[in-house]
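Peer 1: Quick one: the structure is below, questions incoming.
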């Protein structure tokens, strides 16, 4: 009898354990499935945002930059100028697929990538954890492509109305290989010399391309303007924009597209993307008003050209800082850019007499340098928590966090960008000039590049 009681008691005690043991595999499977579903949802959301950002970025080149630059030249050069932006979407895409992406993001050397991803070998739907762990590497690749497309297109604003189309094509390919791809690797590539998040020797904060895009293109634009010389009749002959309407449309498209440029650089649909989005908008708004009011005081009237130029200047300057600063510092950066770039365009260019046709240096070179330096002042770990010590403690980022040395790092990054752009561009210009020639003839320039280079006209009023 006692034996039976003991058996019953043992059965009662053992039943919950047996049931728990049976339930544990089911519970673990459900937890694993939930985790997988969560990661899948995150990946889908991040991927959707990055594809949209890529499209927004491409819109910046055409129609955005094409319209903006196209309206600023004389009527006889509108198609030739717009062609620069449009055709580079095709040229740089092919170059990027063959070798560009690999040179920018392959390997882990300090100065330049390798041929790991040449011909896009190994670039598929699996993420590349070195750069963006929640999206396909193909998405990351095509997003970075859009930066590579617009950067040389910006340079065309300096040599507008006087460079041969064939020379522009060769120049752009060589410039991308010798200037853009190395700079992109140094700042954003694994092990890059200036990569603050990958152990770079000179950690430089450049969230979306202040050094990589704007300083390189703006400084290269100045070298091009000086090397090619002035347009026929400059500065004595009036060379006013022929259609500010389409330039204003282009500026509006640039402003909208810039959200993909900056907020997309978070590489995820995250709070950091939201912060960069806000900083971008506030910086652009402050620069637009700053340029407008300074011009109003200086010239007596506010102009549409001034307002749209100020907008672009603010977008340029906030680009390196967008993922590191709060909204009010973003407005300070934008306002400073609006004022500085105004005087670069209206005073400095006039004083030194160079013919930067569409002010690529005055806006992108000067604005990019200013933005890079001010990033070192206002960057804060309250916005970007990407840098931590081995114990997991947040590290100070900029001067406002107590890291005064970051301003020096930013200056080094800007200086390297300047030197690479000056030397690389000058070498390329000499090579192209010695082989196929750079500049159109005087007769072709007077006739206009639309007809002399493309045998077309932008406006045929008798049709």
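In the numbering used here, the protein residues as written are 23 to 485.
Beta carbons are placed, not taken as given, at the ideal position from N, Cα and C, and that holds for glycine.
Going along the chain, which unbroken runs of the beta strand (DSSP E) with 3 or more residues stay wholly within the region 396–483?
Peer 2: Complete beta strand (DSSP E) runs here, min 3: none at all.
Peer 1: Output yes or no for whether 8 Å exceeds the beta carbon distance between residue 450 and residue 181.
Peer 2: For the purposes of this step, residue 450 is taken as the residue at position 428 of the chain shown. For the purposes of this step, residue 181 is taken as the residue at position 159 of the chain shown. For residue 450 and residue 181, no; Cβs fall outside 8 Å.
Peer 1: Quick one: what's residue 217 bridged to in DSSP?
Peer 2: Taking the first residue of the chain shown as position 1, residue 217 is located at position 195. Per DSSP, 226.
Peer 1: Find the nearest neighbour of residue 459 within the set 210, 121, 184 and 289, judged by alpha-carbon distance.
Peer 2: Position 437 of the chain shown, counted from the first residue, corresponds to residue 459. For residue 459, the nearest C-alpha among the options comes from 184.
Peer 1: Flag this pair as touching only if the region 157–164 and the region 63–71 have three or more C-beta atom pairs under 8 Å; answer yes or no.
Peer 2: Output reads yes: the region 63–71 touches the region 157–164.
Peer 1: DSSP on residue 150, reduced to helix/strand/coil?
Peer 2: Residue mapping note: residue 150 aligns to position 128 of the chain shown, counting from 1. Strand, per DSSP.
Peer 1: Note the first and the last residue of the continuous alpha helix (DSSP H) segment covering residue 373.
Peer 2: Walking along the chain shown from the start, residue 373 turns up at place 351. Here the alpha helix (DSSP H) through residue 373 covers 371–374.
Peer 1: Would you mind listing the beta strand (DSSP E) stretches within the region 170–221 that are 3+ residues and don't spill past its ends, in chain order?
Peer 2: Listed in chain order, there is nothing to give.
Peer 1: Could you check where the alpha helix (DSSP H) with residue 488 kicks off and where it finishes?
Peer 2: Only positions 23 to 485 of the chain appear in the structure, and residue 488 is not among them; the question remains open.
Peer 1: For residue 319, count neighbouring Cβ atoms within 10 angstroms of its own Cβ and tell me buried if that reaches 16, exposed if not.
Peer 2: Along the chain shown, one-based indexing puts residue 319 at 297. Answer is exposed; the Cβ neighbour count stays below 16.
Peer 1: Name the residue from 53, 272 and 221 whose alpha carbon lies nearest to the alpha carbon of residue 83.
Peer 2: Position 61 of the chain shown, counting from 1, holds the residue named residue 83. Ranking 53, 272 and 221 by Cα distance to residue 83 puts 272 first.
Peer 1: Go through the region 255–285 residue by residue and report every complete run of the alpha helix (DSSP H) that reaches 4 residues or more, in order.
Peer 2: Runs of the alpha helix (DSSP H) inside the region 255–285: 266–284.
Peer 1: In or out: residue 347 buried (at least 16 other Cβ within 10 Å) or exposed?
Peer 2: Here residue 347 refers to the residue found at position 325 of the chain shown. Result: buried.
Peer 1: Express the C-alpha separation of residue 354 and residue 138 in angstroms, rounding to a whole number.
Peer 2: Position 116 of the chain shown holds residue 138. Position 332 of the chain shown holds residue 354. Approximately 42 Å between the Cα atoms of the pair.
Peer 1: Once the 5 residues before and after residue 91 are set aside, which same chain residues still bring their CB inside 6 Å of it?
Peer 2: Position 69 of the chain shown holds residue 91. 103, 179 and 380, listed in sequence order.
Peer 1: Does DSSP classify residue 383 as helix, strand or coil?
Peer 2: Numbered from 1 along the chain shown, position 361 holds the residue referred to as residue 383. Here residue 383 sits in helix by DSSP.
Peer 1: Between the Cα of residue 127 and the Cα atoms of 112, 107 and 167, which residue gives the shortest distance?
Peer 2: The residue given as residue 127 occupies position 105 in the chain shown. Ranking the options by Cα distance to residue 127, first place goes to 167.
Peer 1: Any chance the region 305–317 sits against the region 245–265, with 3 or more Cβ pairs inside 8 Å?
Peer 2: Contact between the region 305–317 and the region 245–265 is absent, because fewer than three Cβ pairs lie under 8 Å.
Peer 1: Within 8 Å, do at least three Cβ pairs link the region 423–433 to the region 366–380?
Peer 2: No, because fewer than three Cβ pairs between the region 366–380 and the region 423–433 fall closer than 8 Å, the two stretches do not touch.
Peer 1: Per the contact definition of three or more C-beta pairs closer than 8 Å, is the region 227–243 in contact with the region 434–448?
Peer 2: In short, these stretches touch, since the Cβ pair count reaches three.
Peer 1: How about the region 349–366 and the region 139–151: do they share at least three Cβ pairs that are nearer than 8 Å?
Peer 2: Contact fails: fewer than three Cβ-Cβ distances are below 8 Å.
Peer 1: Reducing DSSP to helix, strand and coil, say where residue 48 ends up.
Peer 2: Counting from 1 along the chain shown, the entry for residue 48 is found at position 26. Helix.
Peer 1: Would you please state the rounded distance, in angstroms, between the beta carbons of residue 377 and residue 253? I believe it to be under 8 Å.
Peer 2: As a first step, residue 377 must be located in the chain shown, where it is residue number 355. As a first step, residue 253 must be located in the chain shown, where it is residue number 231. Yes, they are in contact, since the Cβ atoms of residue 377 and residue 253 sit about 6 Å apart, within 8 Å.
Peer 1: Which value, in whole angstroms, describes the spacing of the CA atoms of residue 305 and residue 417?
Peer 2: In the chain shown, the residue the question calls residue 305 occupies position 283. In the chain shown, the residue the question calls residue 417 occupies position 395. Going from the Cα of residue 305 to the Cα of residue 417 covers about 25 Å.
Peer 1: Output yes or no for whether 8 Å exceeds the beta carbon distance between residue 298 and residue 231.
Peer 2: Within the chain shown, numbered from 1, the residue matching residue 298 stands at position 276. Within the chain shown, numbered from 1, the residue matching residue 231 stands at position 209. No, they are not a contact pair.
Peer 1: If you check the beta carbons only, do residue 195 and residue 117 fall under 8 Å apart?
Peer 2: One-based indexing of the chain shown puts residue 195 at position 173. One-based indexing of the chain shown puts residue 117 at position 95. Yes, these two residues count as a Cβ contact at 8 Å.
Peer 1: Taking buried to mean at least 16 other C-beta atoms within 10 Å of its own C-beta, is residue 177 buried or exposed?
Peer 2: As a working note, residue 177 is residue 155 in the chain shown. When all chains shown are included, residue 177 counts as buried.
Peer 1: Applying the criterion that 16 or more other CB atoms from any shown protein chain within 10 Å of the CB defines a buried residue, is residue 406 buried or exposed?
Peer 2: In the chain shown, residue 406 corresponds to position 384, counting from 1. Result: buried.
Peer 1: Using C-beta distances below 7 Å, list every residue in its chain close to residue 468, excluding the 5 sequence neighbours before and after it, in chain order.
Peer 2: Counting from one through the chain shown, the residue named residue 468 turns up at place 446. Closer than 7 Å at Cβ, skipping near neighbours: 254.
Peer 1: With burial defined as no fewer than 16 other Cβ atoms inside 10 Å of the residue's Cβ, what is the status of residue 395: buried or exposed?
Peer 2: By 1-based counting over the chain shown, the position of residue 395 is 373. With 16 or more other Cβ atoms within 10 Å, it is buried.
Peer 1: For residue 470, which option in 75, 74 and 101 has the closest C-alpha, if you only look at C-alpha atoms?
Peer 2: By one-based count along the chain shown, residue 470 stands at place 448. Of 75, 74 and 101, the residue nearest in Cα terms is 101.
Peer 1: Classify residue 331: buried if its beta carbon has 16 or more other beta carbons within 10 angstroms, exposed otherwise.
Peer 2: Reading the chain shown from its first residue, position 309 is the one you call residue 331. Classification for residue 331: buried.
Peer 1: Do the region 129–144 and the region 197–210 meet, that is, are 3 or more Cβ pairs less than 8 Å apart?
Peer 2: Segments in contact, yes.
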